[in-house]
Every structure is written in C-alpha cells, then in structure tokens.
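Novice: Okay, handing you the structure first.
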Amino acid sequence: MKHSSVNEYVRRIENCLPKIMKGIRFAIPKKVMGIKLNFSQGLALTGLGYHEFCTMTDLSKETGIHLTALTGVIDSLIKEKFVKRYKNPKDRRVVLIKTTPVGRKIVNEVQQYRHKSIKHVIESLNKKERERIINGFEKMVNIFYEQKVKERANK
Numbered sequence: 325m326k327h328s329s330v331n332e333y334v335r336r337i338e339n340c341l342p343k344i345m346k347g348i349r350f351a352i353p354k355k356v357m358g359i360k361l362n363f364s365q366g367l368a369l370t371g372l373g374y375h376e377f378c379t380m381t382d383l384s385k386e387t388g389i390h391l392t393a394l395t396g397v398i399d400s401l402i403k404e405k406f407v408k409r410y411k412n413p414k415d416r417r418v419v420l421i422k423t424t425p426v427g428r429k430i431v432n433e434v435q436q437y438r439h440k441s442i443k444h445v446i447e448s449l450n451k452k453e454r455e456r457i458i459n460g461f462e463k464m465v466n467i468f469y470e471q472k473v474k475e476r477a478n479k
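For the sequence shown, counting from 1, position 29 maps to 353 in the working numbering; every step adds exactly one.
Here it is as structure tokens:
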C-alpha cells in the first residue's frame, strides 16, 4: 500500500505516537512500584534522573513543562519526598533540584522498565528494520532540534 500524501504520513505518525507513548509510559512508576504520579510528575522525575542537580529552567527546557507549571509539579514531588530543592551556593537566586534516595530508586525502576519495554520491541525486529526505525527517530529529533534553533534565532 503506497501513501504518497504527506498528510497521510502525518496522520499515520499521529496515530502511532500515543500508542508508542502508552507502551513505554513516562509515568509508569504506578506500574513499577505502586506509586501514583501524573504524567507531568513522571516526566519531571525521570528528567531529573539524568542529572545530579538540575535547575528549574533546565528541567523546564528538557521536559517541555512550562516553568510556572513545573513549580507546582516539583512542589508535589517534594511533598512526596521524591525530590529536594536547594539554593545554589554561588547564586542564591538559582534553585537546584535533586532526587532523594527514594526518588532515585523510582527513576532507576522506571528506566529499567522502559529499557525492558524498548528492548522487547527491538528484539522483535530484524537488523534492517532496527536501523530504519532508529534512523527515522534520529532524523526526526534532528529536524525538531533544528526547528527549535531557527525559532530561537527569529525571536
């Protein structure tokens, strides 16, 4: 079946993305550890997992959660003792966020679960299919990044 229309490709990707996300949920701690987090909380917590300390601004950029909304998300994660907020000793205006040992455990479980889910998919494909999929994803990421750079340059 040939799909020559760009809109048809867009429709197919739009149809797949939510299903892919559902398959490897960012907010899967409830499945992994019986913890209930909403999507933004799970996204912020897993985003923090890639850093020792992270500024609110950097976490906002990385997760796509608007800074004002992120403040509430972090407040709720602090209340659950998953993260802690620190002042930067070099600049007290800068707020740093770090996962607690409990938060780190959740992040590790989520990363292992996600790795296992993705590995299952990859193992179901042959080498050529694997290369095509990862090349497509990497190309999309590069295009999105280039688009973001152009948008910033035009501001």
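For glycine and all other residues, C-beta sits at the position ideal for the given N, C-alpha and C.
Got a sec, what are the start and stop residues for the alpha helix (DSSP H) residue 387 sits in?
Specialist: Unbroken alpha helix (DSSP H) run through residue 387: 380-387.
Novice: Just the C-alpha distance for residue 416 and residue 449, rounded to the nearest angstrom, thanks.
Specialist: Taking the straight line joining both Cα atoms gives about 50 Å.
Novice: According to DSSP, is residue 374 part of a helix, a strand, or is it coil?
Specialist: Of the three classes helix, strand and coil, the one that applies to residue 374 here is coil, per DSSP.
Novice: If I follow the unbroken beta strand (DSSP E) through residue 421, where does it start and stop?
Specialist: 415-423 is the extent of the beta strand (DSSP E) around residue 421.
Novice: Could you check which residue in 473, 464, 475, 404 has the C-alpha nearest to that of residue 362?
Specialist: With distances taken between Cα atoms, residue 362 lies closest to 404.
Novice: Between residue 371 and the rest of its own chain, which residues show a CB-CB distance below 7 Å, the 5 nearest in sequence each way excluded?
Specialist: Here the set comprises 383, 386, 387.
Novice: Cβ of residue 391 within 8 Å of Cβ of residue 380?
Specialist: Yes, they are a contact pair.
Novice: How big is the Cα-Cα spacing for residue 434 and residue 427?
Specialist: Taking the straight line joining both Cα atoms gives about 11 Å.
Novice: Tell me which same chain residues have a C-beta within less than 7 Å of the C-beta of residue 439, skipping the five on either side of it?
Specialist: Cβ within range, chain order: n/a, list empty.
Novice: Buried or exposed: where does residue 482 fall if 16 or more other Cβ atoms within 10 Å of its Cβ makes it buried?
Specialist: Outside the displayed span of the chain (325 to 479) sits residue 482, for which this structure offers no information.
Novice: When you compare only the Cα positions, how much space is there between residue 421 and residue 407?
Specialist: Approximately 7 Å between the Cα atoms of the pair.
Novice: Sort out for me which residues DSSP pairs residue 463 with in a bridge.
Specialist: Answer is none; residue 463 lacks a bridge partner.
Novice: Near residue 339, what residues of its chain come up, given a Cβ to Cβ distance below 7 Å and the 5 sequence neighbours on each side ignored?
Specialist: Taken in chain order, the list of residues that qualify is empty.
Novice: Which term fits residue 445, buried or exposed, when burial requires 16 or more other beta carbons within 10 angstroms of its beta carbon?
Specialist: Residue 445 should be labelled exposed.
Novice: Give the range of the alpha helix (DSSP H) segment to which residue 403 is assigned.
Specialist: 391-403 is the extent of the alpha helix (DSSP H) around residue 403.
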